[in-house]
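For the protein sequence lines, the chains are A and B, in the order given.
For the first sequence, the working numbering gives the first residue as 4, with consecutive numbering after it.
For the second sequence, the working numbering gives the first residue as 23, with consecutive numbering after it.
Glycine residues also receive a C-beta, built at the ideal position from the N, C-alpha and C atoms.
As the structure is a computational prediction, the values presented were derived from the model and not from experiment.
A short worksheet on the structure shown next.
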Amino acid sequence: MDALYGTALRLTRDANDAEDLVAECVAKAWSSIGSLTDRTRLRPWLFQILRNHFISDYRKAAVRPTLTSLDERIEQEGDGEVVSLLNEQPDEFLKWWADPETEVANKLLGEQIMAAIDGLPEAFRVTILLVNVEGLGYDEAAAALGVPPGTVRSRMKRGRTLLQKALWEQARDAGLALDKAS
Amino acid sequence: MSNTKHPTDQPAEVPGGLHHPDGSNHPDHPDHPDHDDIGCLEAIEAFYAYLDGELADPESIAQFEHHMAHCRSCFSRAQMERLLTERMKASARTEAPAALKNRLRNLMKKF
Chain A
4 MDALYGTALR LTRDANDAED LVAECVAKAW SSIGSLTDRT RLRPWLFQIL
54 RNHFISDYRK AAVRPTLTSL DERIEQEGDG EVVSLLNEQP DEFLKWWADP
104 ETEVANKLLG EQIMAAIDGL PEAFRVTILL VNVEGLGYDE AAAALGVPPG
154 TVRSRMKRGR TLLQKALWEQ ARDAGLALDK AS
Chain B
23 MSNTKHPTDQ PAEVPGGLHH PDGSNHPDHP DHPDHDDIGC LEAIEAFYAY
73 LDGELADPES IAQFEHHMAH CRSCFSRAQM ERLLTERMKA SARTEAPAAL
123 KNRLRNLMKK F
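Here it is, written out as C-alpha cells:
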C-alpha cells in the first residue's frame with residue numbers, strides 16, 4: 004500500500020488526491036482480481052490500475068493541459084538529445100559527485116532529489132519511480148504503463164539523463180559544483 | 023574485462039558490480055580506448071539498462087564492463103547513477119497515512 008500511495012503522491016502531487024486514487028485503485032483491483040490470471044504479476048497489475056485511473060480521472064482535470072503535449076514532444080526527441088545532455092555535464096562534476104570524500108549524494112537533501120524528480124515530465128517521472136524506487140523490471144513497468152519494454156528502456160535513459168542535468172544545474176546554481184570543479 | 027556476470031548477481035558495491043582491474047572503485051587512469059572498446063556512445067546506449075540489471079546479452083555485458091574499466095568519465099557517471107539511485111530509494115519511500123489505511127479496511131468490509 005505504501006508503494007501505491009507513494010506513486011500516487013508523485014503522480015497527483017496532492018496528498019488528498021493520492022489517497023482517493025489509491026482507494027479507487029484498490030476497490031477496482033479487489034472487484035476484478037479474478038481477471039488476474041498470473042498472480043506473480045500482481046504488482047505491475049496494481050500499478051497499471053493506478054495509472055489508468057490517474058489518466059482517466061485526474062490528469063484530465065489537471066490545470067496544466069500542456070503538460071501532456073510537452074511530455075510527448077520530449078519523449079519523441081531522439082537519442083542524440085540524450086548524448087548532448089550527457090555531454091553538458093563536465094567530467095569534473097561527475098567525479099566530484101562520486102567522490103567519497105565530498106559525499107555529495109549523502110549531503111543532498113532527499114527533498115532536493117525528489118524536487119528534481121518531480122520536475123521531470125510525467126512519463127519519465129513515473130517510469131523512473133516504478134523501476135528505480137519500486138523495483139519493477141522493465142517488462143513489469145511496461146505492463147504497468149501500457150507501453151512496449153523498449154519504451155521503458157528509452158524513457159529510463161532519457162529520464163535519468165534529464166535528472167542528471169537537473170541536479171547538475173541545481174549544484175551549479177548553488178555554486179557547489181563550480182567551487183570544486185573549477 | 024572478462025567478467026560477464028549479470029549485474030544483479032552481485033550486490034552493488036560499485037556500479038552494476040563493476041570493478042576496476044586494480045580492485046579499486048576508481049579507475050586510476052584516463053581513457054585508453056582499445057580495439058575491443060565499444061566507445062562512449064555505445065556505452066551510453068546500454069548504460070541504464072546495464073545498471074538496472076536489464077542487459078541480458080553476455081557479450082553486451084562484457085563489452086560494457088570492458089569500457090567501464092577503461093573510461094574514467096563513464097565510470098564516474100556510473101558511480102553517480104548508483105549513488106543517486108540509492109538516495110532516490112531512500113527519499114521516495116512514503117508511508118501511507120493512517121487515514122488511508124482505515125479507509126481501505128472499511129472498503130474491504132464492503133466486499
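### Message
Using a Cβ-Cβ cutoff of 8 Å, what residues of the region 119 to 140 of chain A are near chain B? List them in chain order.
### Response
Ile120, Ile131, Leu132, Val134, Asn135, Val136, Gly140
#### Entry: Residue closest to Asp59 (chain B), alpha-carbon to alpha-carbon, out of B:Arg127, B:Phe69, B:Ile66, B:His89
Looking up residue 59 (chain B) in the second sequence gives position 37. Closest by alpha carbon: B:His89.
### Message
Short of 8 Å Cβ to Cβ, which residues in the region 96 to 121 of chain B face chain A?
### Response
Ser98, Arg99, Gln101, Met102, Glu103, Leu105, Leu106, Thr107, Glu108, Arg109, Met110, Lys111, Ala112, Ser113, Ala114, Arg115, Thr116, Glu117, Ala118, Pro119, Ala121
### Message
Helix, strand or coil for Val150 (chain A)? Go by DSSP, reduced to three states.
### Response
Residue 150 (chain A) sits at position 147 when you count from the first residue of the first sequence. Three-state DSSP puts Val150 (chain A) in coil, outside helix and strand.
### Query
Just checking, does the region 132 to 141 of chain A make contact with the region 40 to 51 of chain A on the three C-beta pairs under 8 Å criterion?
yes
### Query
Cβ of Asp50 (chain B) less than 8 Å from any chain A Cβ?
For this step, residue 50 (chain B) is matched to residue 28 along the second sequence. Its pLDDT being 40, under 50, Asp50 (chain B) is placed unreliably in this model, and the value from its coordinates should be taken loosely. No, its Cβ sits nowhere closer than 8 Å to a Cβ of chain A.
### Query
How far does the alpha helix (DSSP H) with Ala95 (chain B) in it reach, from first residue to last?
Counted from its first residue, the second sequence places residue 95 (chain B) at position 73. Note that residue 95 (chain B) is Ser in the sequence shown here, rather than Ala. Its alpha helix (DSSP H) spans residues 94 to 114.
### Query
Is Ser35 (chain A) helix, strand or coil by DSSP?
Taking the first sequence and counting its residues from 1, one reaches residue 35 (chain A) at position 32. Coil, per DSSP.
### Message
Can you confirm whether the region 121 to 129 of chain A touches the region 114 to 124 of chain B when touching is taken to mean that 3 or more C-beta pairs between the two stretches lie within less than 8 Å?
### Response
no
### Query
With C-beta atoms as the reference, is Gly9 (chain A) less than 8 Å away from Arg99 (chain B)?
Working through the first sequence from its first residue, we reach residue 9 (chain A) at position 6. Working through the second sequence from its first residue, we reach residue 99 (chain B) at position 77. Result no, Cβ atoms of Gly9 (chain A) and Arg99 (chain B) do not sit closer than 8 Å.
### Query
Buried or exposed: Gly45 (chain B), going by 16 or more other Cβ atoms within 10 Å of its Cβ?
Position 23 of the second sequence, counting from 1, holds the residue named residue 45 (chain B). At Gly45 (chain B), the pLDDT of 43 sits below 50, so the modelled position is not reliable; the number obtained from the coordinates is stated separately. Exposed, because fewer than 16 other Cβ atoms sit within 10 Å of the Cβ of Gly45 (chain B).
### Query
Along the chain, where does the alpha helix (DSSP H) that runs through Glu64 (chain B) open and close?
Locating residue 64 (chain B) in the second sequence gives position 42, counting from the first residue. From DSSP, the alpha helix (DSSP H) with Glu64 (chain B) extends over 61 to 73.
#### Entry: Segment limits, alpha helix (DSSP H) that includes Gly9 (chain A)
Taking the first sequence and counting its residues from 1, the one referred to as residue 9 (chain A) is at position 6. First-last of the alpha helix (DSSP H) with Gly9 (chain A): 5 to 15.
### Message
Tell me which residues of the region 19 to 41 of chain A have at least one Cβ-Cβ distance to chain B shorter than 8 Å, keeping chain order.
### Response
Glu22, Val25, Ala26, Val29, Ala30, Trp33, Ser34
### Task
Give every residue of the same chain whose Cβ lies closer than 7 Å to the Cβ of Pro151 (chain A), excluding the five residues on either side of it in the sequence, and list them in chain order.
Locating residue 151 (chain A) in the first sequence gives position 148, where the first residue counts as 1. If we look at Pro151 (chain A) and ignore the five residues flanking it on each side, its Cβ neighbours are Ala145.
### Query
Enumerated in chain order, which unbroken segments of the alpha helix (DSSP H) with a length of 4 residues or greater are wholly contained in the region 114 to 162 of chain A?
125 to 131, 141 to 148
### Query
How big is the Cα-Cα spacing for Thr107 (chain B) and Asp41 (chain A)?
In the second sequence, counting from the first residue as 1, residue 107 (chain B) sits at position 85. In the first sequence, counting from the first residue as 1, residue 41 (chain A) sits at position 38. Approximately 29 Å, taken between the alpha carbons.
### Task
Determine whether the Cβ of Gly9 (chain A) lies closer than 8 Å to any Cβ atom of chain B.
As a working note, residue 9 (chain A) is residue 6 in the first sequence. By this cut-off, Gly9 (chain A) is an interface position.
### Query
What's the gap between the Cα of Leu39 (chain A) and the Cα of Ala91 (chain B)?
Taking the first sequence and counting its residues from 1, one reaches residue 39 (chain A) at position 36. Taking the second sequence and counting its residues from 1, one reaches residue 91 (chain B) at position 69. If you take the alpha carbons of Leu39 (chain A) and Ala91 (chain B), they lie about 44 Å apart.
### Task
Given a cut-off of 8 Å, decide if Gly138 (chain A) and Ser113 (chain B) are closer than it, judged by their beta-carbon atoms.
Here residue 113 (chain B) is taken as the residue at index 91 of the second sequence, counted from 1. Here residue 138 (chain A) is taken as the residue at index 135 of the first sequence, counted from 1. No, the pair does not count as a contact, with Cβ atoms beyond the cut-off.
### Local conformation of Val40 (chain A) per DSSP, three classes
For the purposes of this step, residue 40 (chain A) is taken as residue 37 along the first sequence, with counting starting at 1. Note that residue 40 (chain A) is Thr in the sequence shown here, rather than Val. Here Thr40 (chain A) sits in coil by DSSP.
### Query
Of the choices A:Arg128, A:Gly149, A:Ala119, whose alpha-carbon is the least far from that of Gln173 (chain A)?
In the first sequence, the residue the question calls residue 173 (chain A) occupies position 170. Ranking A:Arg128, A:Gly149, A:Ala119 by Cα distance to Gln173 (chain A) puts A:Ala119 first.
### Query
For Leu126 (chain B), which residues of its own chain have a beta-carbon under 8 Å away from its beta-carbon, when the five flanking residues on both sides are left out?
Against the second sequence, residue 126 (chain B) aligns to sequence position 104. Around Leu126 (chain B): no qualifying Cβ.
### Message
Out of B:Lys131, B:Glu103, B:Ser95, B:Cys62, which one is the CA nearest neighbour of Gln85 (chain B)?
### Response
Translated into positions along the second sequence, residue 85 (chain B) becomes position 63. Answer by Cα proximity: B:Cys62.
### Query
If contact means a Cβ-Cβ distance below 8 Å, which residues of the region 147 to 170 of chain A contact chain B?
Arg156, Met159, Lys160, Arg163, Leu166, Gln167, Leu170
### Task
Helix, strand or coil for Glu76 (chain B), going by three-state DSSP, please let me know.
In the second sequence, the residue the question calls residue 76 (chain B) occupies position 54. Coil, per DSSP.
### Message
Can you pull the chain B neighbours of Asp5 (chain A), defined as C-beta to C-beta under 8 Å?
### Response
Mapped onto the first sequence, residue 5 (chain A) falls at position 2. Under the 8 Å cutoff, chain B gives Arg115, Thr116, Glu117, Ala118.
### Query
Taking the alpha helix (DSSP H) that Ala118 (chain B) falls in, what are its first and last residues?
Locating residue 118 (chain B) in the second sequence gives position 96, where the first residue counts as 1. Careful: Ala118 (chain B) lies outside any alpha helix (DSSP H) and carries neither H nor E.
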